[in-house]
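Student: For the sequence shown, the numbering used here assigns the number 1250 to the last residue and increments by one with no breaks. If you scroll down you'll find the structure; I have some questions about it.
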Amino acid sequence: MRAYENIQQLYLPVQPTVRQPADDVTYRELLPHKALQPYISCYWQLRTEKILEAQFNYRVVADGCIDIFFECNNPAESYVMGFCKQYTEFPLEFSFHYIGIRFLPTMFPQLFKINAAELSNRFLPLDDIAPAMAAFIAGGIDCTYGIESIAALFDGFFLESLRHTRLDEDIRLYDAITAILRNNGVIDIETQLDTGISPRQLRRLFEYYVGDTAKTFAKVVRFQHLLRAKPSVQSLRKNKLFFDAGYYDQAHFIKEFRNFYGTTPAKAFDR
């Protein structure tokens, strides 16, 4: 197994389900071809099933990934959203059909040879970053296709791209990422990451391939671990989950969670 394949085994980034009447807006995720799963977390679709009566605000929580996305009715305009260290909210119109590709950490810079730090906390026209990918979407994606057919087209594009792409496999970087993931982000970056390189070198690697520092990435991983755990509001209060997750106290936990999610843990898990 290549070093970067540990990410696929250890990390399943989560986006919260859409809080909207089920018949109004739907969100779906599809796995890519098996050979692409070490690189791509999923293809996703966010769409209205009928015209909405009010503007829809879609919240994207911090997940450590980089995404490509576009409106299926206008594939000529596609975008890339970099690593974000806080939630992002998109006000959407009354009718929309978005398609996206979520890349696992480090994979977008590997495939497109771009410094991830240049994309962080921003979304930019894909044509400025990866023109061949933007041209493929503009010329090859038809809104009348179902998501399964679109996913198959993307599979073909990336399988062919990988044949001509040489991936960097810096063991020091991937050993550090593996340690963070195995510990669910609860790790002292300065004392528990024995990578054999200086903190400055490690920071440079993380910023280039992930988009931020190892410390920030670990915080996002810790947050994502909580999302997957889906604790009840009652357990949050009784079990002191924030201590187990490495937070100093409840106030620290709530502040960081709100930054990554956009609301308090109690509201996020109140279902």
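Where is the CB? At the ideal position from N, CA and C, for every residue including glycine.
Rounded to whole angstroms, what is the Cα-Cα separation between E1148 and F1035?
Tutor: 41 Å
Student: So, under 8 Å CB-CB, G1079 and W1023 are touching, yes? Tell me the CB distance rounded to an integer number of Å.
Tutor: 5 Å
Student: Report yes or no: do the segment 1089-1101 and the segment 1071-1078 share at least 3 C-beta pairs separated by less than 8 Å?
Tutor: Not touching, per the Cβ criterion.
Student: In this structure, what does DSSP give as the bridge partners for T1067?
Tutor: V1039
Student: Mark Q988 as exposed unless 16 or more other C-beta atoms lie within 10 angstroms of its C-beta, in which case mark it buried.
Tutor: Residue environment for Q988: exposed (fewer than 16 other C-beta atoms within 10 angstroms of its C-beta).
Student: For the beta strand (DSSP E) containing L1009, name the first residue and the last one.
Tutor: 1004-1009
Student: What would DSSP say about V1200, mapped onto helix, strand or coil?
Tutor: helix
Student: Just reading off the beta strand (DSSP E) that Q1024 is part of, what are its end residues?
Tutor: 1019-1027
Student: Mind reading off the beta-carbon distance from V979 to Q1203? Whole number of angstroms is fine, and I expect it under 8 Å.
Tutor: The question about residue 979 has no answer here: the residues shown for the chain are numbered 980 through 1250.
Student: Can we say the segment 1107-1125 touches the segment 1224-1238, given the rule of at least three CB pairs closer than 8 Å?
Tutor: With a cut-off of 8 Å, the segment 1224-1238 and the segment 1107-1125 do not count as touching, because too few Cβ pairs lie within range.
Student: Is the number of C-beta pairs between the segment 1005-1012 and the segment 1174-1187 that are closer than 8 Å three or more?
Tutor: No, the segment 1005-1012 does not touch the segment 1174-1187.
Student: Contact between the segment 1183-1202 and the segment 1124-1143 is defined here as three or more beta-carbon pairs at a separation below 8 Å; is this criterion met?
Tutor: no
Student: Pull up the CB-CB distance for D1003 and E1028, whole angstroms please, since I reckon it's below 8 Å.
Tutor: Between E1028 and D1003 the Cβ distance is about 6 Å, and since that is below 8 Å, they are a contact.
Student: Which whole-angstrom value describes the C-beta separation of V1199 and F1236, a residue pair presumed to lie in contact below a C-beta threshold of 8 Å?
Tutor: Incorrect: roughly 11 Å between the Cβ atoms, too far for contact.
Student: With DSSP as the reference, identify every bridge partner of R981, one or two as the case may be.
Tutor: Bridge partners of R981: none, in fact.
Student: Is the separation between the beta-carbon of Y1153 and that of F1082 shorter than 8 Å?
Tutor: no
Student: What is the DSSP secondary structure of S1128, counted as helix, strand or coil?
Tutor: helix
Student: Among the residues of its own chain, which have a CB less than 6 Å from the CB of Y990, if the five just before and after it don't count?
Tutor: L1160
Student: Taking a contact to mean a Cβ-Cβ separation below 8 Å, would you say A1041 touches Y1066 in this structure?
Tutor: yes
Student: Indicate whether E1056 and Y1077 have their beta-carbon atoms separated by less than 8 Å.
Tutor: no
Student: What is the DSSP secondary structure of G1079, reduced to helix, strand or coil?
Tutor: Residue state, collapsed to three classes: strand.
Student: Looking at the structure shown, is I1120 part of a helix, part of a strand, or coil, going by DSSP?
Tutor: Looking at I1120 - three-state DSSP - the assignment turns out to be coil, as it is neither helix nor strand.
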